[in-house]
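Scroll down for the structure; my scribbles are underneath it.
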Amino acid sequence: MEINQIQAIIESVLFAAGDAVEIEKLADIVDVDKKSLKEIIKKMMDAYNYEHRGIHIIQLEDAYQMCTRGEYAPYVSRLAEPRRKQNLSNAAMEVLSIIAYKQPVTRTTIEHIRGVNCDYIVNRLVERNLIEEVGRLDVPGRPLLFGTTREFLRCFGLSSLDELPDFDSFAQNNDEKNEQLEMEIIQENLPVFDKDELS
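Counting from 1 along the sequence shown, just add 1399 to a position and that's the residue number in our numbering.
Take a look at the structure:
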């Protein structure tokens, strides 16, 4: 299959999907190895950017999505009544930042760092698809672990979490302190038994 045909197929698939498509899925569709396909898609992305088309392809970790360019949003919004923008509050941004840098992280750890209850904010971030449940911590009670989503990457213009600003450049706590904090929280929440109850 010629490269032009592969590009046309990828363009059609991404357009029809309307959402991010995994590189593995795209490779299966066009029957091309992932490494070669990534190079082909990179050339497509460069061509769209060079020609400054109204659409472009963005990378979200190991997936790709076709989107309209942000500068043309006012024109695209004329198709329908624009949705009211819902900006994140400072508190929501704090919680989202903690999750982005500490993930996977428990709700208890988030609340310990912030010093206040975060139930409502965590639930709102889940509703807005910026964070999601990614598992459970292997301790008594098995608390939920949260991490960011592809929608988070899309909203903040990131291809992957590696593009987040360096945490150490503006944070004072190192990883060892964070692990110690996690253990302190776990120990604080373990049940206490009387010696007589254990005998």
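Every residue gets a Cβ at the ideal spot worked out from N, C-alpha and C, and that includes glycine.
Through-space distance from residue j to residue i, alpha-carbon basis
i	j	result
residue 1458	residue 1411	16 Å
residue 1470	residue 1540	48 Å
residue 1472	residue 1537	45 Å
residue 1448	residue 1548	26 Å
residue 1510	residue 1421	34 Å
residue 1442	residue 1518	44 Å
residue 1416	residue 1440	16 Å
residue 1516	residue 1508	11 Å
residue 1535	residue 1437	33 Å
residue 1444	residue 1489	34 Å
residue 1558	residue 1450	21 Å
residue 1452	residue 1493	36 Å
residue 1404	residue 1514	56 Å
residue 1430	residue 1560	29 Å
residue 1400	residue 1435	13 Å
Short Cβ contact (8 Å threshold) for residue i with residue j
i	j	result
residue 1523	residue 1491	yes
residue 1532	residue 1543	yes
residue 1353	residue 1408	Only positions 1400 to 1598 of the chain appear in the structure, and residue 1353 is not among them; the question remains open.
residue 1462	residue 1419	yes
residue 1563	residue 1460	no
residue 1545	residue 1521	yes
Which residues DSSP lists as bridging residue i, in chain order
i	result
residue 1459	1462
residue 1530	1547
residue 1421	1462
residue 1454	1467
residue 1505	1544
residue 1535	1543
Neighbourhood of residue i by C-beta distance below 7 Å, restricted to the same chain and skipping five residues each side
i	result
residue 1528	1548 and 1550
residue 1465	1413, 1414, 1454 and 1456
residue 1525	1531
residue 1406	1439 and 1443
residue 1477	none
Cβ shell of residue i (< 6 Å), same chain only, five flanking positions each side left out
i	result
residue 1512	1497
residue 1475	1467
Contact set for residue i: own chain, Cβ-Cβ below 8 Å, skip 5 residues either direction
i	result
residue 1495	1487, 1524, 1529, 1530, 1547 and 1551
residue 1432	1426
residue 1423	1433 and 1461
residue 1594	Its pLDDT being 43, under 50, residue 1594 is placed unreliably by the model, and nothing is read from it.
Original post:
How do the region 1492-1507 and the region 1450-1457 stand: do at least 3 beta-carbon pairs fall below 8 Å, yes or no?
Top reply: no
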